[in-house]
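Engineer: Sequential numbering of the sequence shown, starting at 1, is according to the UniProt record's numbering.
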Amino acid sequence: MLRSKAFVKRTRKGNVVKVVKEHYLRDDISCSSTACRNCTQSTPVLSAEPRSTSIVGPHYLIPDTNVFISQLDIMEHPAIKDVIVLQTVKEEIRHLNIAVYNRLNAILEDKTKRFYMFANEHQRDTFVERLKDESPNDRNDRAIRVSTKWYTDHLKANSSDKNIQAVLLTDDRGNREKAKATGLKCFSVSDYVESIKDVPELVDMVSAPKAAADDKIVYEEHLTPAQIKNGIKKGTLIQASFNVSQHNVLEATVIGEVEGELKTVYILGRKNFNRCIQGDTVAVELLPKSEWKRGASVAIEEEDEEKMHGEEDIEDIDKKNESAMDVDQSGEGEPTGKVVGIIRKKWRPYCGFIVKNSVPKQNASRSATNVIFRALDRRIPPIKVRTAQAHNLVGNRIVVSIDSWPANSSLPMGHFVKTLGASGDRETETEVLLLEHDVPYQEFSKAILADLPEEGDQWVVRDQHLNSENRRDFRDLNVCSIDPPGCTDIDDALHVRPLPNGNYEVGVHIADVTYFVKPGTPMDKEAASRGTSVYLVDKRIDMLPSLLGTNLCSLRSNVERLAFSCVWEMNENAEIINVDFCKSVIKSKFSFTYEEAQSRIDDERMQDEVTKGIRVLNKFAKILRKKRMDAGALTLSSPEVRFNLENDSQDPVDVEMKELKETNALVEEFMLLANISVAKKIYSRFPSAAMLRKHAAPPTNNFDQLRKILLEKGFVLDISSSKTLADSLDKAVISEDPYFNKLVRIMTTRCMMQAQYFCSGTEAEADFMHYGLASAIYTHFTSPIRRYADVVVHRLLHACIDSDANFDGDLIDTNNMKELCDNLNFRNRMAQQAGRSSVELFTSMFFRNKVEIEEGRILRVLKNGIIVLVPKYGLESIVYTAKEAGGPSPFEYDDEAKSLVAGNVTLKTFDTVKVEISVEGDEQGMRQKMNMRLVEPFVEGVSVAPSSKRSLEEEETTKTSLKKTKK
């Protein structure tokens, strides 16, 4: 049946046009029940024997929209099967919450879940017209009830022997009453899950009701969206991402414009946080200058136990930590503000544990009770959870989601999602860090693997590959790769050869991943979603299936591979005469490690063509690097470590600092040059849709503390440009302290902004600048095996050089590109943090049951402690200046000198100290924490007592013995 609806609308130009919409209604849409004898269906989804519960017999569930929005964790649980997702519901979810919509699609694709999407809007008997004066929401609720009634009648008429019923699931009381009035089976989510006796944990997963908060108003109400939008437009409010300090859970920062300049703004105390969570996009109002932050921060790693149980209000907690909000009327302060609204929540499932002393000791009935959950990420506030299985959950890693945080509740309220495993188990802890950083780590599905070449690992380059896409044959060239030891996903290779005119041809060859990963395929969609490969200490979470990543796309030696090449003609001074881009076929002659390539450069006896080529590349790399440095490129630093793992157990048996060689810089320079060359090319062809990468200049006040501290050492840190900053860093050298310069560069890195992918059509060209590289334009082209951004750039570049190239229109759609960039930025950030968390996990494992004394350097002085970096292990931790956090300390903070003073002992940034390193957990063992205590200089009441010290010689003996035992 064809229905037509005509209406008129006004266009942007003011013209009035008539629009006719045709709606085709059918009567042959399948119910998809295996038990149905009437419908014609090839592969029915719904079981012939669905679940029965204590309140209803065999049935199919029909949830309304809000059930999916509010109770999605329950709908994802393996126990929930045979669910009918109405088209009305799915479309509502798509408009309300795209994240939930994507998760719903994932459920629909999972055949084991038996979720069926019923097109009720196209079924003649279930489509309903909107009535006069009926709201869209009421119309949709009626459509859901009509569809439930249709299913009830349809199943009764066509599967009588099974007696299967359709059950409407809704938490809307009015909707339930209307449904029951028409004779439908209808339940709330809580009533329904309580009836599933064999899966008791479902009761704990019901989202916390918003009305379950205390009556007392704790926080200010948030501004309305209209007020926030108006405030941002007028400049009275700052819109920014909310970032809680790693060292102080009561101090956060946002980046925003203050008095016409980009600055870091501090948010101090829970009251000013006003219910926002780490990562939220917030609206911040600046406080009066009299309330701006002055003086040093304090270290607060945990909030008070009393506060967690709601025994103190938020003002009392903030008063206890007044040093975190140290303000006075004198001197220049750091801008402070308060959150007045949350623009976009970044709430997610959190991994952590139930606080043992929040669980009632006597609960014989095992009735539901409120307990406190603490996330492993200390920046997340404690969460109040209601559960009937608290005693069973204690000691386990669990996942909890936040449901709401009303103004009259001191804590956010959430619900239990699932148990991960016992605390301390390495597999559990690794799963925790992957979940915490939202890293997709599931195995690749059959649909994705079906996109791989049929030949599998027997695939080889053939003549048709060379003839297609105008590929050039570079198989005769002395191409080689230089990578870290054990690298299997080799993205890039290099070659150089002299030309007859005295110049050189230099080529960077990058794996041609896009030959295998076609746009719009399941593999492509999965790679776009994952965004990047994730490197942990003991494993790698690949962006692409290993057949591609470590085989067919990996530019291994002595096998022919497809590549995308960037080829320059250069003169003796490494000046680019011209550049060319082409698809190619290569056959790498050698796969060197950095050390192997370095030994070839250094060994004058080696005069083969490959070695001579590496020396030419090294010479050019040094010239290119000098040019970059002269232009203002920064050489920053970070403490990086490498673990040596025992083969069988994968336990860490040794840890060492990563050593960089000349050949690291050799590869880096040509990869940077290729990325810059490609960026210019794709931007020239697609000025509004090129995927580029920018690095914004950091806010000037980020450097305030570092500048003052360096000035005391006699060094001026000029931050007026990247060039002046680079020059300042080069001059910050103390001959008798060789580590000082690296320390300054590490601290400078902490002041930087994070580089971001962006679509060229969304930014002014002046903002394309990559501050750290001092390049006017930049992108990522050289690692398509492990970064999806590079895959996109390859497609753009191919479209630039081949007029016959077929590419998806979405590739040059500005809005699509912006959304993709947002996801890639998120995935990239999470991958980096997951890698760091993995290092922390293995560091904790390495130091378990041992104590070491090592030399450290002070990175920052706080009022109640110092942050110390141990260069040998790349470890960084707080060293408190009191025996107990928050307890009395012999040290006093000197605000003028930015130092801690106790008698004749003074602790200042850059000072060398000795610390005792150990790993300790809380009394329940739920949090393993790197613990450092001061050894030297010795201060009574703070430092480790001399009798408890272990000599460095004793430590070395222990380590040597450990290595021998492990071997």
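Every residue, glycine too, gets a C-beta built ideally from N, C-alpha and C.
Nearest CA to the CA of Ile-398: which residue from His-415, Met-606 and Ala-407?
Structural biologist: Here the closest residue by C-alpha is His-415.
Engineer: Buried or exposed, going by whether 16 or more other CB atoms sit within 10 Å of the CB of Lys-525?
Structural biologist: The residue in question, Lys-525, is exposed, as its Cβ has fewer than 16 Cβ neighbours within 10 Å.
Engineer: Mark His-95 as exposed unless 16 or more other C-beta atoms lie within 10 angstroms of its C-beta, in which case mark it buried.
Structural biologist: The residue is exposed, with fewer than 16 neighbouring Cβ atoms inside 10 Å.
Engineer: Grab the span of the alpha helix (DSSP H) containing Tyr-101 for me, first residue to last.
Structural biologist: Unbroken alpha helix (DSSP H) run through Tyr-101: 98 to 109.
Engineer: If I measure Cβ to Cβ from Leu-46 and keep anything under 7 Å in the same chain, skipping five residues before and after, which residues do I get?
Structural biologist: Contacts found: Ser-32, Ser-33, Thr-34, Tyr-60, Asp-82, Arg-114 and Tyr-116.
Engineer: Could you check if residue 981 is buried or exposed, using at least 16 other CB atoms within 10 Å of its CB as the buried criterion?
Structural biologist: Limits of the chain in this structure are 1 at one end and 967 at the other, which puts residue 981 out of reach.
Engineer: For residue 1001, which beta-bridge partners are listed by DSSP?
Structural biologist: The structure shown does not extend to residue 1001, since the chain is modelled only from 1 to 967, so the question has no answer here.
Engineer: In chain order, what residues of the same chain have a beta carbon less than 6 Å from the beta carbon of Ile-55, not counting five sequence neighbours either side?
Structural biologist: Same-chain partners within the cutoff: Ser-195.
Engineer: Determine the contact status of Ile-217 and Cys-276, defining contact as a CB-CB distance below 9 Å.
Structural biologist: No, the Cβ-Cβ distance between Ile-217 and Cys-276 is not below 9 Å.
Engineer: With H, G and I counted as helix, E and B as strand and the rest as coil, what does DSSP make of Asn-15?
Structural biologist: The answer is coil: DSSP assigns Asn-15 none of H, G, I, E or B.
Engineer: Nearest by alpha-carbon distance to Ala-621: which of Val-496, Val-206 and Phe-68 is it?
Structural biologist: When only C-alpha atoms are compared, the closest one is Val-496.
Engineer: Can you find the residues in the same chain that come closer than 7 Å, C-beta to C-beta, to Met-817, ignoring five residues on each side of it along the sequence?
Structural biologist: For Met-817, where only same-chain residues beyond five positions count, the Cβ hits under 7 Å are Ala-689, Met-691 and Cys-759.
Engineer: What did DSSP end up calling Ser-722 once you bin it into helix, strand or coil?
Structural biologist: Residue state, collapsed to three classes: helix.
Engineer: How would you label Ala-563, buried or exposed, when you count the other beta carbons within 10 angstroms and need 16 or more for buried?
Structural biologist: Classification of Ala-563: buried, given that the 10 Å Cβ count is 16 or more.
Engineer: Sorted by chain position, which residues of the same chain lie with C-beta nearer than 7 Å to Arg-379's C-beta, five sequence neighbours on each side aside?
Structural biologist: Only Val-244, Val-249 and Gln-278 meet the Cβ criterion.
Engineer: Can you give the Cα-Cα distance for Ile-576 and Lys-681, rounded to whole angstroms?
Structural biologist: Distance between the alpha carbons of Ile-576 and Lys-681: 15 Å.
Engineer: What residues are listed by DSSP as bridge partners for His-95?
Structural biologist: His-95 is not bridged to any residue.
Engineer: Do you know offhand how far Phe-740's Cα is from Thr-748's?
Structural biologist: Each residue's alpha carbon lies about 12 Å from the other.
Engineer: Near Tyr-151, what residues of its chain come up, given a Cβ to Cβ distance below 6 Å and the 5 sequence neighbours on each side ignored?
Structural biologist: For Tyr-151, where only same-chain residues beyond five positions count, the Cβ hits under 6 Å are Ala-166.
Engineer: What's the gap between the Cα of Ala-696 and the Cα of Ala-755?
Structural biologist: The straight-line gap from Cα to Cα measures roughly 7 Å.
Engineer: Comparing C-alpha positions only, which one of Leu-934, Ile-93, Thr-488 and Val-479 sits nearest to Ile-858?
Structural biologist: Of the listed residues, the one whose Cα sits closest to Ile-858 is Leu-934.
Engineer: What number of angstroms, rounded off, separates the C-alpha of Val-537 from the C-alpha of Val-432?
Structural biologist: Approximately 15 Å between the Cα atoms of the pair.
Engineer: Run through the segment 685 to 773 for me and flag every whole alpha helix (DSSP H) of 4 or more residues, listed as ranges in chain order.
Structural biologist: Runs found: 704 to 712, 722 to 731 and 740 to 750.
Engineer: Would you list the residues sitting across from Trp-568 in a DSSP beta bridge?
Structural biologist: Trp-568 pairs with Val-506 and Val-579.
Engineer: Tell me whether residue 969 is buried or exposed, calling it buried when 16 or more other Cβ atoms sit within 10 Å of its Cβ.
Structural biologist: Outside the displayed range of the chain (1 to 967) lies residue 969, so it cannot be described from this structure.
Engineer: Give, in chain order, every unbroken run of the alpha helix (DSSP H) that is at least 4 residues long and sits entirely within the segment 789 to 873.
Structural biologist: Qualifying alpha helix (DSSP H) stretches, in chain order: 814 to 847.
Engineer: For Ala-390 and Val-371, which I take to be in contact (beta-carbon distance under 8 Å), what is that distance rounded to the nearest angstrom?
Structural biologist: The Cβ separation is near 5 Å, so the contact holds.
Engineer: How would you call Ile-98, buried or exposed, if buried means at least 16 neighbouring beta carbons within 10 angstroms?
Structural biologist: Flag for Ile-98 reads exposed.
Engineer: With distances taken Cα to Cα, identify the nearest neighbour of Ala-674 among Glu-569, Thr-281 and Asp-813.
Structural biologist: Here the closest residue by C-alpha is Glu-569.
Engineer: Would you check if the distance between the CB atom of Thr-169 and the CB atom of Ser-188 is smaller than 9 Å?
Structural biologist: At residue 169 the sequence reads Leu, which differs from the Thr that was named. Yes.
Engineer: Quick check on DSSP: helix, strand or coil for Met-543?
Structural biologist: It is coil, neither helix nor strand.
Engineer: Tell me the rounded alpha-carbon separation between Leu-962 and Gly-486.
Structural biologist: Below a pLDDT of 50, predicted positions are generally treated as unreliable, and Leu-962, at 35, falls in that range; no measurement from the model is reported.
Engineer: What does DSSP give as the partner residue(s) for Cys-480 in the beta ladder?
Structural biologist: Paired residues: Leu-494 and Phe-590.
Engineer: From Lys-661 to Ile-601, what does the alpha carbon distance come to, in whole angstroms?
Structural biologist: Distance between the alpha carbons of Lys-661 and Ile-601 is about 11 Å.
Engineer: Ile-74 and Met-205 look like a contact to me (Cβ under 8 Å); what is the Cβ gap, rounded to whole Å?
Structural biologist: At roughly 5 Å, the Cβ-Cβ gap stays under 8 Å, so Ile-74 and Met-205 are in contact.
Engineer: Taking the straight line between their C-alpha atoms, what separation do you get for Gly-507 and Glu-609?
Structural biologist: Roughly 15 Å separates the two Cα atoms.
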